[in-house]
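Student:
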Amino acid sequence: MSKFVLTVGARNIAVQIADMINAGDQLWARLNESSILLSPVKYLIELDGEIITGVIGLEQYGLTTELKHLCVHPNYRRRGLGKKLLEKGIQAATTEFVYGAVGSDNHTNIRNNLRVGMRPIGKRWGRGRHIIIFARRKNGHRKSIHNRET
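When we follow UniProt numbering, the leftmost residue of the sequence shown carries the number 1, and every step to the right adds one.
Written out as C-alpha cells, the structure is:
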C-alpha cells in the first residue's frame, strides 16, 4: 500500500508565520503571505508535523543582525522553545553583533534574552509602551558591546 505524505509548502509556511506573528505581536501593520514571502527577513521555524510551533526572524543591517518576531504557538509554550529559537537565531546570524527589541511587559521574552546572553543596552518608547533593546556579540558575549578593545 502506498503512503501519501503531505509536504509543507512555502505558501503554507508563510501563512502560518504571518498568522502567528499577527496573533502574538502588536505590529502597526498586519503581515500576510505576500509580505512574508517578499520580506528581507529570514525566518527560522520549528515544526511539529505541518504545524509551525515557533518562529524567529533575522534581518541584517550592515554589521548587525536584528532578531525579530519571536513567537511560540500557545499550545507549545513553557517548553523552552522561545529560548531555543533565540539560540538558533544567534547561531544563524552572519554578523558579529545581534540585537532585538522586547516590550517591557513581555517578561518571558526578557528572561529568555537574558538566559542566552543578551544584555539590555537601551530603552525607547514605542507602540504605547517601553521597548527594551537587547544586544550581544554572536561569539564571546561576555565582552562589552559598547567599547571595542584596541
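We treat Cβ as the ideally placed atom computed from N, Cα and C, and that holds for glycine.
The model shown is predicted, which means the values in this text are computed figures rather than measured ones.
Would you mind reading off the limits of the beta strand (DSSP E) that contains Lys123?
Tutor: Taking the first residue of the sequence shown as position 1, residue 123 is located at position 123. Start and end: 119-126.
Student: Can you tell which of Thr94, Thr65, Gln60, His107 has its C-alpha closest to the C-alpha of Gly82?
Tutor: Position 82 of the sequence shown, counted from the start, is the residue given in the question as residue 82. When each option's Cα is compared against that of Gly82, the closest is His107.
Student: Taking only the alpha-carbon atoms, compute the straight-line gap between Glu46 and Glu87 and give it to the nearest angstrom.
Tutor: Against the sequence shown, residue 46 aligns to sequence position 46. Against the sequence shown, residue 87 aligns to sequence position 87. Roughly 13 Å between the two C-alpha positions.
Student: Whole angstroms are fine: how far does the CA of Asn32 sit from the CA of Gln16?
Tutor: Counted from its first residue, the sequence shown places residue 16 at position 16. Counted from its first residue, the sequence shown places residue 32 at position 32. So the alpha carbons of these two residues sit roughly 9 Å apart.
Student: Determine whether the beta carbon atoms of Ser104 and His69 lie at a separation below 7 Å.
Tutor: By one-based count along the sequence shown, residue 104 stands at place 104. By one-based count along the sequence shown, residue 69 stands at place 69. It is not a contact, given that the beta carbons lie outside the stated cut-off.
Student: To the nearest angstrom, how far is the alpha carbon of Gln91 from that of Ile51?
Tutor: Residue numbering aside, residue 91 sits at position 91 when the sequence shown is read from its first letter. Residue numbering aside, residue 51 sits at position 51 when the sequence shown is read from its first letter. Straight-line Cα distance between these residues: approximately 23 Å.
Student: Starting from Leu44, trace the beta strand (DSSP E) both ways and give me its first and last residue.
Tutor: Your numbering for residue 44 matches position 44 in the sequence shown. Element bounds for Leu44: 42-48.
Student: Can you give the beta carbon distance from Thr64 to Thr95, rounded, assuming they're within the 8 Å contact cut?
Tutor: Taking the sequence shown and counting its residues from 1, one reaches residue 64 at position 64. Taking the sequence shown and counting its residues from 1, one reaches residue 95 at position 95. Going by Cβ atoms, the distance from Thr64 to Thr95 rounds to 5 Å, so yes, they are a contact pair.
Student: Which of helix, strand or coil does DSSP assign to Glu59?
Tutor: Reading the sequence shown from its first residue, position 59 is the one you call residue 59. Residue state, collapsed to three classes: strand.
Student: Determine the contact status of Leu67 and Val41, defining contact as a CB-CB distance below 7 Å.
Tutor: One-based indexing of the sequence shown puts residue 67 at position 67. One-based indexing of the sequence shown puts residue 41 at position 41. Contact check for Leu67 against Val41 fails: the beta carbons are separated by 7 Å or more.
Student: What's the C-alpha gap between Ile36 and Asp19?
Tutor: Here residue 36 is taken as the residue at index 36 of the sequence shown, counted from 1. Here residue 19 is taken as the residue at index 19 of the sequence shown, counted from 1. Cα to Cα, Ile36 sits roughly 10 Å from Asp19.
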